[in-house]
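Participant:
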Amino acid sequence: MRLYLCEKPSQGKDIAAVLGAKTRGNGCIKGPGVVVTWGIGHLLETAAPDAYGDHLKNWSLDTLPILPAQWKVIVKPKTASQFKVVKQLLKEATELVIATDADREGEMIARELIEYCGYRGPIQRLWLSALNDLHSPGAQQLQTGCGNLSAIPISARTL
Numbered sequence: 001m002r003l004y005l006c007e008k009p010s011q012g013k014d015i016a017a018v019l020g021a022k023t024r025g026n027g028c029i030k031g032p033g034v035v036v037t038w039g040i041g042h043l044l045e046t047a048a049p050d051a052y053g054d055h056l057k058n059w060s061l062d063t064l065p066i067l068p069a070q071w072k073v074i075v076k077p078k079t080a081s082q083f084k085v086v087k088q089l090l091k092e093a094t095e096l097v098i099a100t101d102a103d104r105e106g107e108m109i110a111r112e113l114i115e116y117c118g119y120r121g122p123i124q125r126l127w128l129s130a131l132n133d134l135h136s137p138g139a140q141q142l143q144t145g146c147g148n149l150s151a152i153p154i155s156a157r158t159l
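So the sequence shown is numbered by full-length UniProt numbering: it starts at 1 and just counts up by one.
Structure follows, in structure tokens:
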């Protein structure tokens, strides 16, 4: 199954309409051979300082800066139900199309989910500057492979 991962529900609805996906599911829209799902912005967030040790439970200048060897990411409580949907769909997907906004933040939203959920299948990127682009002849052309885009989430975090 080809999974389209969008950044927000409205974007997912528009992309699903173009793909002919009409069957509404829990947090997704399904069609022949495709499923469109979405985040609600970020579904993940960095863990609070106390996740790195009890000594960081109380704020103090003495413990700054906090520079862990590995940053911890957690599921946002407000969007946990949609995260579960995305995680399950990523397990079932045979290929993934990143259809988030064509900017650093959109790429970060998708890449964090891919890494956190452990998806290892083929990935394509649908680059749209506006949803009007969906109706253009070039909308069917996807970027394959996506190369090494690991620097994009890093640069998005610095914004």
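Just so it is clear, CB atoms sit at the ideal spot from N, CA and C, and this is done for glycine as well.
Classify Gln11: buried if its beta carbon has 16 or more other beta carbons within 10 angstroms, exposed otherwise.
Facilitator: buried
Participant: Report the residue from Val34, Gly106, Pro122 whose alpha carbon sits nearest the alpha carbon of Leu128.
Facilitator: Gly106
Participant: Grab me the residues of Ile15's own chain with a C-beta within less than 7 Å of its C-beta, minus the 5 sequence neighbours each way, in chain order.
Facilitator: Tyr4, Cys6, Val36, Ala99, Leu134
Participant: Could you please give the first and the last residue of the uninterrupted alpha helix (DSSP H) stretch that includes Gln70?
Facilitator: Run containing Gln70: none; DSSP gives neither H nor E here.
Participant: Compare the Cα-Cα distances from Ala69 to each of Asn58, Pro77, Tyr52 and report the closest residue.
Facilitator: Selected option, being the one with the closest Cα: Tyr52.
Participant: Contact defined as beta carbons within less than 8 Å: I believe Ile74 pairs with Leu44. What is the distance between those atoms, to the nearest angstrom?
Facilitator: 7 Å
Participant: Going by beta carbon distance, what residues of the same chain come within less than 7 Å of His42, once the five residues before and after it are set aside?
Facilitator: Lys76, Ile109
Participant: Whose C-beta lies closer than 8 Å to the C-beta of Thr46 among residues of the same chain, with five residues either side of it excluded?
Facilitator: Closer than 8 Å at Cβ, skipping near neighbours: Trp71, Lys72, Val73, Ile74.
Participant: Mind checking which residues open and close the alpha helix (DSSP H) that includes Lys87?
Facilitator: Per DSSP, Lys87 is one residue of the alpha helix (DSSP H) stretching across 80-92.
Participant: Taking just the CA atoms, how far does Ala48 sit from Ala21?
Facilitator: 39 Å
Participant: Just to check, is the beta-carbon of Leu43 closer than 7 Å to a non-hydrogen atom of the ligand ZN?
Facilitator: What this structure holds is no ligand at all, so the ligand ZN is not there to describe.
Participant: Output the boundary residues of the alpha helix (DSSP H) element that contains Glu105.
Facilitator: 104-117
Participant: Around the C-beta of Glu115, are 16 or more other C-beta atoms found within 10 angstroms, so that it is buried, or is it exposed?
Facilitator: exposed
Participant: Given this structure, state the Cα-to-Cα distance separating Gly25 from Leu61, to the nearest angstrom.
Facilitator: 48 Å
Participant: May I ask you to list the residues that DSSP assigns as paired with Glu45?
Facilitator: Ile74
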